[in-house]
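Peer 1: Count along the sequence shown from 1, then add 99; that gives the number in the numbering used here.
Idealized CB from N, CA, C, for every residue including glycine.
Here the structure is a predicted model, which means the values were calculated and not measured.
This structure is in structure tokens; I'll ask about it shortly.
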Amino acid sequence: MIPVHTSVMPDEVMEYLVPSRPDALIIDGTLGEGGHTLRFLEAYPHCRVVGIDADVVMGERAGARLSEWQERFELKTGWTDEVLDNWGGNSPDLILMDLGISTYHYDGSGRGFSFKSDEPLDMRLDSDGESDAADLVNTLREEDLADLIFTFGEERFSRRIARRIVAERKKAPINNASILAGIVAGAVPPQARHGRIHAATRTFQALRIAVNGDLDRLSRLLAIAPDLLAPGGRLGIISFHSLEDRLVKRAFRALDIRFGGTFNVLTRKPLVPLESECRSNPPSRSAKFRVIEKPAEGYMK
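In structure tokens form, the structure reads like this:
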């Protein structure tokens with residue numbers, strides 16, 4: 100049985116994302132298995148939560164977990180940037196985005212998110228998406244593949260890795276996650292195979308970002324969500340790698356009242372998990388949490 104995903108930084112989320120009114124509307128823009136949503140529903144008995152997820156299976160898992168809260172919980176299936184761009188409801192008081200990948204995706208989705216898995220090389224969060232990771236690995240030109248791995252994975256051995264992938268795919272298509280991981284590990288220098296992270300970590304990150312359009316979607320969300328908030332509302336984003344955090348930091352700085360904007364940045368430096376959480380939930384160790392607050396109604400710059 101696949102364990103239920105452990106939400107990252109739950110106490111910090113509840114400390115900073117506090118609704119200003121009892122009947123608040125909260126958007127959990129990365130619903131996953133509903134861990135953060137459950138905390139909101141339990142803490143605020145009159146609030147309503149809309150959970151959004153592009154993965155139909157995740158929506159089903161969350162829906163089952165939150166079945167007793169159906170009067171105050173609504174599920175929307177789709178990409179969050181698209182759902183918010185077409186938002187026709189009331190302005191939300193809180194928006195949360197947890198950009199991490201769930202335990203289910205790594206351990207039981209069968210889509211090859213983990214380099215440890217003997218699974219098809221897919222990596223699509225939305226199974227109806229056009230291209231999967233195998234398409235990219237097997238069809239991109241060597242130069243384009245190297246650029247992808249370098250840009251989205253910040254992998255310094257991207258050229259060597261792309262060269263090895265192209266050589267191996269000439270023998271047979273690369274359609275399996277563990278096979279790709281072995282190819283990548285064999286491409287990097289020996290001293291790079293035994294570091295703090297697996298040699299294939301950055302390559303897998305790059306493919307996942309490319310397949311799902313993560314950074315483009317995050318950029319669009321950062322342009323949409325702040326304006327959507329109700330006066331006094333808050334937007335909180337948990338990121339897990341420097342590419343995501345850089346986008347969030349820049350967007351929040353542009354909105355910061357100290358630099359000509361109208362929003363209050365509540366986290367001058369990103370919050371990070373306590374050491375105790377990192378020990379009990381190792382995937383949390385790279386999390387960074389940033390929060391901004393929209394000015395209250397009647398505020399004048």
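What is the DSSP secondary structure of T179, reduced to helix, strand or coil?
Peer 2: helix
Peer 1: Since E253 contacts S341 with CB under 8 Å, what's their CB separation in whole angstroms?
Peer 2: The C-beta distance from E253 to S341 rounds to 7 Å, short enough to fall under 8 Å.
Peer 1: Going by alpha carbons, who is nearest to D246 out of I260, P118, D313?
Peer 2: I260
Peer 1: Helix, strand or coil for N185? Go by DSSP, reduced to three states.
Peer 2: coil
Peer 1: Between the C-alpha atoms of E111 and I278, what's the straight-line distance to the nearest angstrom?
Peer 2: 39 Å
Peer 1: What are the residues that DSSP puts in a beta bridge with D225?
Peer 2: Per DSSP, none; premise fails for D225.
Peer 1: To the nearest angstrom, how far is the alpha carbon of S213 from that of Y205?
Peer 2: So the two alpha carbons sit approximately 5 Å from each other.
Peer 1: Are the beta-carbon atoms of C146 and I125 separated by less than 7 Å?
Peer 2: yes
Peer 1: Of all the options A329, V371, L321, P109, which has the alpha carbon lying nearest to the alpha carbon of R352?
Peer 2: L321
Peer 1: Do you know how far the Cα of I264 is from the Cα of A298?
Peer 2: 14 Å
Peer 1: Evaluate L373 with the Cβ neighbour count: other Cβ atoms within 10 Å of its Cβ, from every protein chain shown; 16 or more gives buried, anything less gives exposed.
Peer 2: Using a 10 angstroms sphere on the CB of L373, the tally of other CB atoms stays under 16, which defines it as exposed.
Peer 1: Can you give me the Cβ contacts of H135 inside the same chain, cut-off strictly under 8 Å, excluding the 5 residues immediately before and after it?
Peer 2: S106, P109, V112, D127, L195, D197
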